[in-house]
Amino acid sequence: MLSFSKRVFLTMKKNIILLLILILPVSLFAHPHMSINAYAHYYFDKTGFTGYYIQWIFDPLFSSQIVYECDIDNNLSFSDEEIKEVESYYFERLDKYNYYTFIKINNRKVPLGIPSNFSAEIDKDDENVVIFTFYVPLNLPYDTVETNFEMDFEDITNYTAFICPQRKLSVYGDVNKISNAIINRLGSISFTYQ
Amino acid sequence: MNGFVPIFNRKLVFIFLLFIIGISLFAQVPPPPPPPPSSPNLSNPVQVDTNSVTTVVKRGVFSVIKDIQLKGTTFIKHQLDILRNGFSFKTFLIITLFSLVYGIFHTLGPGHGKLIVMSFFLRDNTEKADAFALSVIVSVIHSSAAIILAILFQSILSSVKGLAQVRVENGFTLFSGLLILTLGIVYLIMHIKGKDHHSGNIKKIDYKKISTQGRWRRNLAVGLSIGIVPCPLSLTIMMLTIVYGIFWIGISSVISLTIAMVIVLYIISISTIKSRDLVEHDSEKKKKKGIMFLFNYSGNIALIVLGFYFVYKGGIALW
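Listed in order, the protein sequences are those of chains A and B. Residue numbering for the first sequence follows our numbering, starting at 216 and increasing by one per position. Residue numbering for the second sequence follows our numbering, starting at 0 and increasing by one per position.
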């Protein structure tokens with residue numbers, strides 16, 4: 216006959232095993248097809264928040280696919296025509312996914328501006344990774360009180376995994392005060408400005 | 000049994016630590032951030048000093064997992080680049096063994112049918128041989144689909160480029176969801192009507208007497224529905240090795256990933272079966288019926304919910 220404590224332990228072990236089995240897979244997320252290191256650079260002027268540049272650095276494995284398909288002359292450099300091809304095959308279609316970028320101002324969702332100044336380059340010094348750069352206008356005038364800004368990089372289909380490697384904000388231009396900066400490596404940045 | 004679990008855990012921890020050390024030694028250091036581009040139409044494009052701004056950087060378990068996955072794929076790419084320039088048996092061995100070890104970690108991540116396999120074995124009175132059969136079927140189909148798709152993308156589907164290829168894969172996700180949903184509904188209806196082997200209306204099947212061929216056949220439907228989505232990692236490796244002209248090295252790496260997936264799925268299946276049997280065995284007689292009732296229905300409902308989820312995910316990606 217088992218002692219009371221052993222019976223309790225066995226019962227707990229049973230339940231813990233079941234619980235672990237039920238939660239072990241944890242996420243129902245689909246399988247990331249590619250990984251992107253995302254960087255954001257924010258621009259202000261005297262009137263307000265003008266916009267931001269976003270840079271995506273693709274993982275080396277997926278970068279090789281982009282290079283193979285779009286670097287037609289195999290010189291590890293994208294010409295203007297090749298950049299248009301890259302934009303056509305890999306960027307323009309992202310409009311239905313909101314370019315993987317979601318913005319909130321004071322906790323209210325804000326529609327994303329139309330990206331412009333798209334460019335693509337191959338970083339020959341680092342595993343030939345491909346870097347996308349594009350500018351998104353915001354044109355938000357300053358408020359009299361502090362404004363909270365949140366940016367999330369997310370692929371709703373979960374085919375792309377985002378990482379924000381930044382350790383501090385990158386801000387340019389005229390802004391009085393930046394505070395409450397939070398960078399979540401899983402792909403979100405937030406701060407308050409005035 | 001009680002002594003086995005702590006020893007098994009210590010071995011797992013040791014293997015995992017070795018793997019992390021290996022990745023740290025061989026993987027590339029993440030690149031520094033690229034220089035910011037020139038600002039558009041600003042009169043004063045001076046960088047604001049944010050060093051004095053208190054910045055909270057949050058890192059969680061998932062970001063660590065993502066970092067490790069990125070380092071793993073970077074390492075594989077690095078080895079493939081070496082092999083592209085000339086065959087080296089040492090590099091070939093490294094990439095094959097690394098794919099095996101990384102494949103275990105990779106399979107533990109999302110998107111490899113673990114939850115579906117668990118739901119299946121929770122509801123079904125099956126044996127270890129079924130666990131092995133299903134694990135092999137899922138893994139082989141998952142990798143084979145990637146190999147076939149890679150060949151197609153490099154040949155007759157070569158006009159499908161860029162993110163259009165991702166849409167094709169999303170189509171597979173939708174199809175897989177439909178299959179899983181259908182299976183879940185069929186199993187549930189069969190159970191409600193008393194037409195499956197759990198009810199008292201039909202003779203209980205002696206699982207030990209099921210022939211090998213019969214066992215593989217009866218697990219094929221579930222295995223196909225889970226494994227039909229091509230493995231994105233295998234797909235990317237195959238496409239790269241085809242371009243590099245080292246197709247057979249891609250095959251070798253994918254085989255290692257497949258073996259790793261079989262191992263993980265088999266362990267999860269066996270754990271599910273053993274835990275289910277443990278709960279059933281240790282329960283009092285009058286509670287046993289209730290517990291098996293709960294397992295069967297929750298397993299069937301989990302399959303249906305997962306089917307809906309994958310249909311939803313595939314659908315929103317396509318439309």
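Think of the CB as a built atom: it goes at the ideal place given N, C-alpha and C, for glycine as much as any other residue. These numbers come from a predicted model, not from an experiment.
Would you say residue i reaches chain B, if we count a Cβ-Cβ gap shorter than 8 Å as a contact?
| i | result |
| --- | --- |
| S294 of chain A | no |
| T262 of chain A | no |
| T362 of chain A | no |
| L401 of chain A | yes |
| Q409 of chain A | no |
| Y283 of chain A | yes |
| F317 of chain A | no |
| F273 of chain A | no |
| F333 of chain A | no |
| F277 of chain A | yes |
| V351 of chain A | no |
| V386 of chain A | yes |
| Y304 of chain A | yes |
Residue i and residue j: beta carbons closer than 8 Å?
| i | j | result |
| --- | --- | --- |
| I393 of chain A | S405 of chain A | no |
| L256 of chain B | L232 of chain B | yes |
| V55 of chain B | V135 of chain B | no |
| M366 of chain A | I318 of chain A | yes |
| L69 of chain B | D370 of chain A | no |
| G314 of chain B | L148 of chain B | no |
| A145 of chain B | P229 of chain B | yes |
| I272 of chain A | I346 of chain A | yes |
Less than 8 Å between CB atoms is the rule here; does residue i satisfy it with respect to chain A?
| i | result |
| --- | --- |
| K312 of chain B | yes |
| M238 of chain B | yes |
| S62 of chain B | yes |
| A316 of chain B | yes |
| T106 of chain B | no |
| L148 of chain B | no |
| N57 of chain B | Reading off the sequence shown, one finds Lys at residue 57 of chain B, where the question assumed Asn. Judged by the 8 Å Cβ criterion, K57 of chain B is in contact with chain A. |
| G161 of chain B | yes |
For the putative contact between residue i and residue j, defined by C-beta atoms under 8 Å, what is the C-beta separation to the nearest angstrom?
| i | j | result |
| --- | --- | --- |
| L182 of chain B | A132 of chain B | Their Cβ separation, rounded to whole angstroms, is 16 Å, which puts L182 of chain B and A132 of chain B out of contact at 8 Å. |
| Y268 of chain A | G388 of chain A | So it is not a contact: roughly 12 Å between Cβ atoms. |
| I227 of chain B | S154 of chain B | About 21 Å separates the two Cβ atoms, so there is no contact after all. |
| G328 of chain A | L353 of chain A | 6 Å |
| I267 of chain B | V253 of chain B | Not confirmed; about 21 Å, so no contact. |
| L302 of chain B | F119 of chain B | 7 Å |
| P330 of chain A | Y305 of chain A | With 8 Å as the limit, P330 of chain A and Y305 of chain A do not qualify as a contact, their Cβ atoms being about 13 Å apart. |
| S292 of chain A | I337 of chain A | 6 Å |
| L79 of chain B | T240 of chain B | 6 Å |
| M238 of chain B | F97 of chain B | 19 Å between Cβ atoms; not a contact. |
| A130 of chain B | I258 of chain B | Actually they do not touch by this definition, with Cβ atoms about 16 Å apart. |
Whole angstroms are fine: how far does the CA of residue j sit from the CA of residue i?
| i | j | result |
| --- | --- | --- |
| T106 of chain B | L114 of chain B | 12 Å |
| V390 of chain A | T262 of chain A | 9 Å |
| R214 of chain B | A128 of chain B | 8 Å |
| F277 of chain A | S274 of chain B | 40 Å |
| E361 of chain A | L384 of chain A | 17 Å |
| V60 of chain B | K192 of chain B | 44 Å |
| V242 of chain B | G85 of chain B | 14 Å |
| R308 of chain A | P326 of chain A | 17 Å |
| W247 of chain B | F74 of chain B | 18 Å |
| L24 of chain B | G71 of chain B | Residue placement at L24 of chain B is flagged as unreliable, the pLDDT there being 47, under the threshold of 50; the coordinate-derived value follows with that caveat. For L24 of chain B and G71 of chain B, the distance between alpha carbons rounds to 11 Å. |
| R83 of chain B | E300 of chain A | 26 Å |
| N169 of chain B | F307 of chain B | 14 Å |
| V137 of chain B | S297 of chain B | 22 Å |
Whose C-alpha, out of the options, is nearest the C-alpha of residue i?
| i | options | result |
| --- | --- | --- |
| N299 of chain B | B:R214, B:V185, B:L177 | B:V185 |
| Q270 of chain A | A:D260, A:A253, A:I281 | A:A253 |
| C379 of chain A | A:F306, A:R400, A:D310, A:P330 | A:R400 |
| K76 of chain B | A:K299, A:E302, A:F293, A:Q280 | A:Q280 |
| N332 of chain A | A:Q381, A:V386, A:D295 | A:D295 |
| I188 of chain B | B:A316, B:N295, B:G170 | B:N295 |
| A376 of chain A | B:G170, B:G108, B:G161 | B:G108 |
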